[in-house]
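Data first, discussion second: the structure below is written as structure tokens.
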Amino acid sequence: MDHNHESDSITDSPRGEKAAALQGTHVTEGPHQHPVPHDYLSAVENGLIEDLPPPTNFAQRWALKLEHLAGVEARGIERVPEAIRAPHATLGDYAQMCVIWFSANVTMNNLIIGFLGPLLFEVGLKDAMILSAFGAYVGAAGPGYISSFGPASGNRTMVVARYTMGWWPSRICVLFNIVIMLGYGLIDILLSGQILSAVNGKGLTIIVGTIISAIVTLIVVLFGIRLFHTYERYAFIPQVIVLLILIGVSGPYYDTSSPTIGTTPERAADRMSFFFLAVSAAIAWTPSSADFYVYFPPKSSRLAVFACTTLGLGTSCAFTYMIGVGIASATLSKPEWNAAYEGGGAGALLVAAFKPLGSFGDFCSVVVALGLIANNIPGTYSAALSFQLLGRWLGKLPRIFWTVVGVVIYTVCACAGRNHLFEVFQNFLALLGYFVVIYIALTLEEEFIFRKRRGGFDWAAWNDKRKMPYGIAALTAFCIGWVGAVLGMWQTYFTGPLGKTVGFGIDLGIPLAMSFSALAYPPLRFLELKFVGK
Numbered sequence: 001m002d003h004n005h006e007s008d009s010i011t012d013s014p015r016g017e018k019a020a021a022l023q024g025t026h027v028t029e030g031p032h033q034h035p036v037p038h039d040y041l042s043a044v045e046n047g048l049i050e051d052l053p054p055p056t057n058f059a060q061r062w063a064l065k066l067e068h069l070a071g072v073e074a075r076g077i078e079r080v081p082e083a084i085r086a087p088h089a090t091l092g093d094y095a096q097m098c099v100i101w102f103s104a105n106v107t108m109n110n111l112i113i114g115f116l117g118p119l120l121f122e123v124g125l126k127d128a129m130i131l132s133a134f135g136a137y138v139g140a141a142g143p144g145y146i147s148s149f150g151p152a153s154g155n156r157t158m159v160v161a162r163y164t165m166g167w168w169p170s171r172i173c174v175l176f177n178i179v180i181m182l183g184y185g186l187i188d189i190l191l192s193g194q195i196l197s198a199v200n201g202k203g204l205t206i207i208v209g210t211i212i213s214a215i216v217t218l219i220v221v222l223f224g225i226r227l228f229h230t231y232e233r234y235a236f237i238p239q240v241i242v243l244l245i246l247i248g249v250s251g252p253y254y255d256t257s258s259p260t261i262g263t264t265p266e267r268a269a270d271r272m273s274f275f276f277l278a279v280s281a282a283i284a285w286t287p288s289s290a291d292f293y294v295y296f297p298p299k300s301s302r303l304a305v306f307a308c309t310t311l312g313l314g315t316s317c318a319f320t321y322m323i324g325v326g327i328a329s330a331t332l333s334k335p336e337w338n339a340a341y342e343g344g345g346a347g348a349l350l351v352a353a354f355k356p357l358g359s360f361g362d363f364c365s366v367v368v369a370l371g372l373i374a375n376n377i378p379g380t381y382s383a384a385l386s387f388q389l390l391g392r393w394l395g396k397l398p399r400i401f402w403t404v405v406g407v408v409i410y411t412v413c414a415c416a417g418r419n420h421l422f423e424v425f426q427n428f429l430a431l432l433g434y435f436v437v438i439y440i441a442l443t444l445e446e447e448f449i450f451r452k453r454r455g456g457f458d459w460a461a462w463n464d465k466r467k468m469p470y471g472i473a474a475l476t477a478f479c480i481g482w483v484g485a486v487l488g489m490w491q492t493y494f495t496g497p498l499g500k501t502v503g504f505g506i507d508l509g510i511p512l513a514m515s516f517s518a519l520a521y522p523p524l525r526f527l528e529l530k531f532v533g534k
């Protein structure tokens, strides 16, 4: 399958799409035929929506055989034509959008963001809860916006990036997305391993627990979008129950009177830095957010898609952040919790919080550990797609191959770096936030300033390099945005000159990165269109 040129199938022509939608019959693009579903959920329940060009190598033929034999999703980065999707979204479709984000993020890894408020930034409980909740919804708005391109275009998120960044520069975004998603995979399986090891009393090593979590993730992601959506539809139920139990058992120890420590400038800096950290965790889903919506109806309301994604993601993050803040505030005054945290990390702290419940508390800890798989599945799925976009030859290898590669990479890294989780997690998130806000700023301006005037996007040209911008303006603005990030960042390894201006340091990397890139892109893009023409 050569991804340099879009196939000239009837499904990518308006006439073919309209005819197929009106007739409700089968649409053919290659050897596979599938009925047009009446809505997305029925399509998921009854089987995959596949409509691909004929395979050109052994790996692709093998992937298609797995689709027929076991229901494994064979589609990778190929566009999903309108004709094989339901024309209109149902209430169930929108509910599913909200549920998958809530389910994927009402998990243990987001509790750690809450831990960082009192334990790292020394922010009081009330301040930290307000800041983290607000940061969750602000951050969720980024994936909310970008996800709306999924149903509208039928293209994966990093394919959509080509329309702003250009054919070659968009691969920088692809690389960042791979790092983000595999990084989250590393954190998820390592946290799961920590918890399982702590519950087992060290009889089960962290490495073994980590590998168990990775294997379960691999199984779900190999099957693709069908099992992914089905799994996420129900995964939140045990998580919410167990987290409510956690609130009940740990809530009496929350220190509601804890103050934010430091002088007035120091308190302001710590509050702002923690707020942007909370933003970073939610907004990091942006480069993958449209990947899970490409099978949804093309006429789905973009506003509704934005609202459902933002609501599901923001609510789950805010809920877990605040629980984490409460537990962290208690850790400062409970020696046994503090000892558990210092000795075994975040996973051991969670087990200590459940300890009053005895063996039932251990069971709850295991449920939380396995719940991290729900957070890991979307990222692993998206990373596999991004590998295909790094080059034409890499794109010829099927999604399932890159799924295995991704899982192996982050499993090995997690086992090797298991003793430095807390520091890695905090530093990792902030850097991702810088990249993501630049990408959001450029995409917003490209759509609303330039594409509105030029007739919108030609989504069928997703794989035609000649119809993509050169990306000179976007790449230049991207680099300028990073200048702003470096000037304003405050990290353990580097503090920019503007980051030193308040208290012991303040992280202004996110607002400065977004502002610098947003100010630079419009004039550069006008010049690019004037002198280059695209």
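Each residue of the sequence shown is one higher than the one before, counting from 1 in the UniProt record's numbering.
We treat Cβ as the ideally placed atom computed from N, Cα and C, and that holds for glycine.
For clarity, every value in this text was computed on a predicted model and none was experimentally measured.
query: So aspartate 291 packs on tyrosine 163, CB below 8 Å; how close in whole Å?
result: If you number the sequence shown from 1, residue 291 lands on position 291. If you number the sequence shown from 1, residue 163 lands on position 163. Incorrect: roughly 16 Å between the Cβ atoms, too far for contact.
message: Using C-beta distances below 8 Å, list every residue in its chain close to glutamate 122, excluding the 5 sequence neighbours before and after it, in chain order.
response: As a position in the sequence shown, residue 122 is number 122, starting the count at 1. Hits under 8 Å: Thr260, Ile261, Gly262, Asp270.
Rounded straight-line distance, which links the Cα of tryptophan 402 to that of lysine 396: As a first step, residue 396 is located in the sequence shown; it is residue number 396 there, counting from the start. As a first step, residue 402 is located in the sequence shown; it is residue number 402 there, counting from the start. Rounded to the nearest angstrom, the two C-alpha atoms are 11 Å apart.
field: Residues near methionine 272 by beta carbon distance below 6 Å, same chain, minus five either side
entry: For the purposes of this step, residue 272 is taken as the residue at position 272 of the sequence shown. Correct list, in chain order: Ile506.
message: DSSP three-state label for tryptophan 393, please.
response: Walking along the sequence shown from the start, residue 393 turns up at place 393. Three-state DSSP puts tryptophan 393 in a helix.
query: Going along the chain, which residues of its own chain have a beta-carbon closer than 7 Å to the beta-carbon of valine 502, five neighbours each way excluded?
result: For the purposes of this step, residue 502 is taken as residue 502 along the sequence shown, with counting starting at 1. Pro265, Ala268, Ala269, listed in sequence order.
task: Would you tell me roughly how many angstroms separate the C-alpha atoms of aspartate 458 and phenylalanine 450, rounded to the nearest one?
output: On the sequence shown, residue 458 is found 458 positions in, with the first residue counted as 1. On the sequence shown, residue 450 is found 450 positions in, with the first residue counted as 1. If you draw a straight line from the Cα of aspartate 458 to the Cα of phenylalanine 450, it comes to about 14 Å.
- request: Measure how close the beta-carbons of tyrosine 137 and alanine 307 come, nearest whole angstrom, since I'm counting them as under 8 Å.
  value: Locating residue 137 in the sequence shown gives position 137, where the first residue counts as 1. Locating residue 307 in the sequence shown gives position 307, where the first residue counts as 1. Between tyrosine 137 and alanine 307, the beta carbon gap of about 12 Å keeps them out of contact (Cβ cut-off 8 Å).
- prompt: Does DSSP put threonine 492 in a helix, a strand or coil?
  reply: Locating residue 492 in the sequence shown gives position 492, counting from the first residue. Coil, per DSSP.
query: How do the stretch 339 to 355 and the stretch 243 to 250 stand: do at least 3 beta-carbon pairs fall below 8 Å, yes or no?
result: A contact exists between the stretch 339 to 355 and the stretch 243 to 250.
query: Does the Cβ of arginine 454 have 16 or more other Cβ atoms within 10 Å, making it buried, or fewer, making it exposed?
result: For this step, residue 454 is matched to residue 454 along the sequence shown. By the neighbour-count criterion, in which a residue is buried when 16 or more other Cβ atoms sit within 10 angstroms of its Cβ, arginine 454 is exposed.
field: Boundaries (first-last residue) of the alpha helix (DSSP H) holding threonine 403
entry: Mapped onto the sequence shown, residue 403 falls at position 403. For threonine 403, the enclosing alpha helix (DSSP H) stretches over residues 399 to 416.
- prompt: If you draw a straight line from the C-alpha of phenylalanine 176 to the C-alpha of leucine 432, how long is it?
  reply: Within the sequence shown, numbered from 1, the residue matching residue 176 stands at position 176. Within the sequence shown, numbered from 1, the residue matching residue 432 stands at position 432. Each residue's Cα considered, the two are about 8 Å apart.
query: Secondary structure at glycine 150, three-state DSSP: helix, strand or coil?
result: Position 150 of the sequence shown, counted from the start, is the residue given in the question as residue 150. If DSSP states are grouped into helix, strand and coil, glycine 150 belongs with the helices.
- prompt: Curious, which full-length alpha helix (DSSP H) runs of at least 4 residues does the stretch 349 to 391 contain?
  reply: With a minimum length of 4 residues, the continuous alpha helix (DSSP H) runs that stay inside the stretch 349 to 391 are 359 to 388.
- request: Could you tell me whether any non-hydrogen atom of the ligand MN is closer than 6 Å to the CB of serine 197?
  value: Ligands displayed in this structure: none; no statement on the ligand MN is therefore possible.
query: How would you write the range of the alpha helix (DSSP H) that isoleucine 510 sits in, first residue to last?
result: On the sequence shown, position 510 is the one that residue 510 refers to. Per DSSP, isoleucine 510 belongs to the alpha helix (DSSP H) from 509 to 531.
task: Using only alpha-carbon positions, find the residue among Thr210, Phe275, Ile187 that is nearest to asparagine 196.
output: Numbered from 1 along the sequence shown, position 196 holds the residue referred to as residue 196. Looking at the sequence shown, residue 196 is not asparagine but leucine. Here the closest residue by C-alpha is Thr210.
query: With a cut-off of 8 Å, do at least 3 Cβ pairs link the stretch 397 to 416 to the stretch 148 to 160?
result: no
message: Let me make sure I understand the geometry here. Which of Asn155, Leu131, Trp101 has the alpha-carbon closest to that of phenylalanine 115?
response: Here residue 115 refers to the residue found at position 115 when the sequence shown is read from its first residue. Per the Cα distances, Leu131.
- prompt: When the distance is taken between beta carbons, is proline 118 closer than 7 Å to alanine 282?
  reply: Position 282 of the sequence shown holds residue 282. Position 118 of the sequence shown holds residue 118. Not in contact: alanine 282 and proline 118 (Cβ atoms no closer than 7 Å).
Beta-carbon spacing of asparagine 110, threonine 320 below 7 Å: The count along the sequence shown starts at 1 and reaches residue 110 at position 110. The count along the sequence shown starts at 1 and reaches residue 320 at position 320. In this structure, threonine 320 lies closer than 7 Å to asparagine 110 by Cβ.
- prompt: What residue from Arg392, Val216, Tyr493 has the CA that sits closest to alanine 374's CA?
  reply: Indexing the sequence shown from 1 puts residue 374 at position 374. Nearest C-alpha to alanine 374: Val216.
- prompt: Do alanine 441 and methionine 514 have their CB atoms nearer than 7 Å?
  reply: Residue numbering aside, residue 441 sits at position 441 when the sequence shown is read from its first letter. Residue numbering aside, residue 514 sits at position 514 when the sequence shown is read from its first letter. Cβ distance < 7 Å, so alanine 441 and methionine 514 count as in contact.
- prompt: Whole alpha helix (DSSP H) runs in the stretch 188 to 258 with 4 or more residues, listed along the chain?
  reply: 206 to 223, 225 to 250
- prompt: If you count every other CB in all the chains shown that lies within 10 Å of the CB of valine 325, and 16 or more means buried, which is it?
  reply: In the sequence shown, counting from the first residue as 1, residue 325 sits at position 325. Buried, because 16 or more other Cβ atoms sit within 10 Å of the Cβ of valine 325.
message: Please report the straight-line C-alpha distance between leucine 385 and glutamate 82, rounded to a whole angstrom.
response: Stepping through the sequence shown from its first residue, residue 385 is reached at position 385. Stepping through the sequence shown from its first residue, residue 82 is reached at position 82. One C-alpha to the other measures close to 20 Å.
field: Alpha carbon of residue 535 to alpha carbon of glycine 345, nearest angstrom
entry: Here the chain has residues from 1 to 534 only, and residue 535 is not among them.
message: Is the beta carbon of alanine 86 closer than 7 Å to that of proline 297?
response: Numbered from its first residue, the sequence shown carries residue 297 at position 297. Numbered from its first residue, the sequence shown carries residue 86 at position 86. In contact: proline 297 and alanine 86 (Cβ atoms closer than 7 Å).
- request: Spell out a yes or no on whether the stretch 468 to 483 and the stretch 521 to 528 are touching, meaning 3 or more CB-CB pairs, one atom from each, closer than 8 Å.
  value: yes
message: For the alpha helix (DSSP H) containing proline 118, name the first residue and the last one.
response: Position 118 of the sequence shown, counting from 1, holds the residue named residue 118. Element bounds for proline 118: 108 to 119.
query: Helix or strand or just coil, what does DSSP make of phenylalanine 134?
result: Taking the first residue of the sequence shown as 1, we reach residue 134 at position 134. Phenylalanine 134 falls in the helix class under three-state DSSP.
message: For arginine 399 and threonine 205, I'd like the C-alpha separation in whole angstroms.
response: Here residue 399 is taken as the residue at index 399 of the sequence shown, counted from 1. Here residue 205 is taken as the residue at index 205 of the sequence shown, counted from 1. Their backbone Cα atoms lie some 31 Å apart in a straight line.
- request: Could you check what DSSP says for glutamate 122 in three-state terms: helix, strand or coil?
  value: By one-based count along the sequence shown, residue 122 stands at place 122. In the structure shown, glutamate 122 sits in coil (DSSP, three-state: anything other than H, G, I, E or B).
- request: Find the nearest neighbour of valine 483 within the set Met468, Gly499, Thr492, Ile212, judged by alpha-carbon distance.
  value: Counting from one through the sequence shown, the residue named residue 483 turns up at place 483. Of Met468, Gly499, Thr492, Ile212, the residue nearest in Cα terms is Gly499.
task: State the DSSP-derived secondary structure class of glutamate 73, mapped to helix, strand or coil.
output: Residue numbering aside, residue 73 sits at position 73 when the sequence shown is read from its first letter. Of the three classes helix, strand and coil, the one that applies to glutamate 73 here is coil, per DSSP.
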